[in-house]
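Those protein sequences? They're chains A and B, same order as listed. Positions in the first sequence are counted from 1; adding 40 to them yields the numbering used here. Positions in the second sequence are counted from 1; adding 40 to them yields the numbering used here. Take a look at the structure set out below.
There are 2 protein chains.
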Amino acid sequence: MQQAKIYEQVVDRIRDLLESGELHPGDKLPPERKLAELFKVSRSSLREAIRALQESGVLESRRGDGTYISLPVGSDLLAPFAEVLTQQRVRLWQFFQFRIAIEPQIARLAAQERTDGHLEALHHLLDMQEREVIADEKNGFADLHFHQLIAMATGNPLFVDLVTRAEAKLAETRNESLQSEERMQRSLLAHKEIYSTIAGRDQDGAENAMRTHLQQIEKLVFCDRE
Amino acid sequence: MQQAKIYEQVVDRIRDLLESGELHPGDKLPPERKLAELFKVSRSSLREAIRALQESGVLESRRGDGTYISLPVGSDLLAPFAEVLTQQRVRLWQFFQFRIAIEPQIARLAAQERTDGHLEALHHLLDMQEREVIADEKNGFADLHFHQLIAMATGNPLFVDLVTRAEAKLAETRNESLQSEERMQRSLLAHKEIYSTIAGRDQDGAENAMRTHLQQIEKLVFCDRE
DNA sequence: CTTCGGATATTGGTCGGACCATAGTGTACA
DNA sequence: TGTACACTATGGTCCGACCAATATCCGAAG
């Protein structure tokens, strides 16, 4: 029963080195062969880790030269804090903090800008979610898209993009406490509440309802474990 | 003679298959060994391509089972609004709407989470901005980074990333009304106000000060023309 | 002494093959 | 009929070799 794949472990170890300050942006990494030996893994696994880190913009390989830690964007002025920018893993709680700061404002705007078309789409989605709950399907499909539809109701593609990325990232770390039957019913209720405030163009109500909804989820996620 | 690396070619070919509709979200890919043979590459290179695509959320591998195309956004439910996501052009006012919704919340969090180190950096930046105003330099360097520093004070890299992207995008369309001497003085004053609220850990004050600041800028940009 | 050019070493990129670990499938037995 | 086992397919890991681009060093030319 081996859970973590080797290359994932390597990714983590390299990120750790960055956060602990043992490696700095611009540094040149040891050659792959030495790194592999150092980490006690095959060069193949090490390379897959490098590919992953490269794809997320942390590393940069130059054939015949070496592998470097990417320089963060921005100027020297930001240097003291700059490492936060590119590398540094994003924790789960940071995502929740992010959503709780952003989405209530989106809901507020949605209440202001929504059209009847958006309302209809939301209503349709709620129906679907209700059927999911009754059938006890745990795919969470409707739940996932509710927040996207709210963002669309603002009429501003920037919000849609933002929420979409957040949802996608959050889906990676989906945990079980989000899948209990009780939680799904609570979620449905909260969504209905948010829907009605937006339908009634109640901006304050929408903002508060959304914040309450997200805080409930947060509490569930962080108190449920261990 | 910079030949594209093999695994990059493979990444592109797979992305092409997705966009051309020959592969759909949820589909199961052929086994790695067959795919490698099909693409005429080694399994190692194919796997590095898969790692990269996996890191960007396109693919998903399950040991003993297969590799699947992840299904984040593209459901039929969103189809009516989907154009917004991909290629609707983002208007300038949408950026302002975005910032006015987001940054006051960031300022609020900053007032809560800031350390003395952040405060010091902010103070230093304000000094620099003051010298700019006095010297009548119009580079707007300090002005640009003020909002970034605020985001850093939240301690959450997600906000930093967000603000950085927004600033970068806005810098492209920088217009002249932002460069007048009067505006720069007003901006400096507003920044000082925001600074003092954050220094005093006044969350409501910070939120309001930031909102007022942004609304002033918005007014300037949109009333100045014609 | 400086500069240029080529030989050499270093390093990432690609390859093929072997074996391991796990999830899904089918089959034989109770 | 149902359960447990063996088998198979598939992703994960390792090894060792060679290729290709780049850096470095060193000697010859100016």
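Idealized CB from N, CA, C, for every residue including glycine.
Does the beta-carbon of residue i have 16 or more other beta-carbons within 10 angstroms, so that it is buried, or is it exposed?
| i | result |
| --- | --- |
| residue 70 (chain A) | exposed |
| residue 174 (chain A) | exposed |
| residue 164 (chain A) | exposed |
| residue 44 (chain B) | exposed |
| residue 78 (chain A) | exposed |
| residue 227 (chain A) | buried |
| residue 160 (chain B) | exposed |
| residue 143 (chain A) | buried |
| residue 102 (chain A) | exposed |
| residue 145 (chain A) | buried |
| residue 262 (chain A) | exposed |
| residue 131 (chain A) | exposed |
| residue 207 (chain A) | buried |
| residue 240 (chain A) | exposed |
| residue 104 (chain B) | exposed |
Kindly list the residues whose CB is nearer than 8 Å to the CB of residue i, restricted to its own chain and excluding five residues on each side of it in sequence; keep chain order.
| i | result |
| --- | --- |
| residue 87 (chain B) | 72 |
| residue 57 (chain B) | 63 |
| residue 140 (chain B) | 251, 254, 255, 258 |
| residue 83 (chain B) | 72, 73, 76 |
| residue 138 (chain A) | 206 |
| residue 156 (chain A) | none |
| residue 201 (chain B) | none |
| residue 189 (chain B) | 158, 161, 162, 165 |
Does residue i come within less than 7 Å of chain A when only Cβ atoms are used?
| i | result |
| --- | --- |
| residue 254 (chain B) | no |
| residue 249 (chain B) | no |
| residue 91 (chain B) | yes |
| residue 141 (chain B) | yes |
| residue 166 (chain B) | no |
| residue 138 (chain B) | yes |
| residue 145 (chain B) | yes |
| residue 48 (chain B) | no |
| residue 59 (chain B) | no |
| residue 198 (chain B) | yes |
| residue 170 (chain B) | no |
| residue 72 (chain B) | no |
Return the chain-ordered list of same chain residues with a C-beta closer than 6 Å to the C-beta of residue i, the five sequence neighbours on each side being excluded.
| i | result |
| --- | --- |
| residue 193 (chain B) | 150, 154, 158 |
| residue 230 (chain A) | 253 |
| residue 68 (chain A) | 106, 108 |
| residue 85 (chain A) | 46, 47 |
| residue 136 (chain B) | 258 |
| residue 61 (chain A) | none |
| residue 89 (chain A) | 47, 50, 51 |
| residue 203 (chain B) | 187, 188, 191 |
| residue 195 (chain B) | 153 |
Looking only at its own chain, which residues have a Cβ that is under 7 Å from the Cβ of residue i, when we skip the five neighbours before and after it?
| i | result |
| --- | --- |
| residue 237 (chain B) | 151, 245, 246, 249 |
| residue 93 (chain A) | 51, 54, 99 |
| residue 170 (chain B) | 228 |
| residue 185 (chain B) | 165 |
| residue 110 (chain A) | 65, 97, 98, 99, 100, 126 |
| residue 81 (chain B) | 46, 50 |
| residue 233 (chain A) | 249 |
| residue 243 (chain A) | 148, 151, 152 |
Does the CB of residue i have a neighbour CB from chain B at under 7 Å?
| i | result |
| --- | --- |
| residue 262 (chain A) | no |
| residue 191 (chain A) | no |
| residue 225 (chain A) | no |
| residue 160 (chain A) | no |
| residue 95 (chain A) | yes |
| residue 79 (chain A) | no |
| residue 233 (chain A) | no |
| residue 258 (chain A) | no |
| residue 134 (chain A) | yes |
| residue 99 (chain A) | no |
| residue 222 (chain A) | no |
| residue 88 (chain A) | yes |
Which class does residue i belong to by DSSP, given the choice of helix, strand or coil?
| i | result |
| --- | --- |
| residue 106 (chain B) | strand |
| residue 78 (chain A) | helix |
| residue 62 (chain A) | coil |
| residue 68 (chain A) | strand |
| residue 96 (chain B) | coil |
| residue 56 (chain A) | helix |
Sorry if obvious, but does the Cβ on residue i come closer than 6 Å to a heavy atom of the ligand MN?
| i | result |
| --- | --- |
| residue 65 (chain B) | Ligands displayed in this structure: none; no statement on the ligand MN is therefore possible. |
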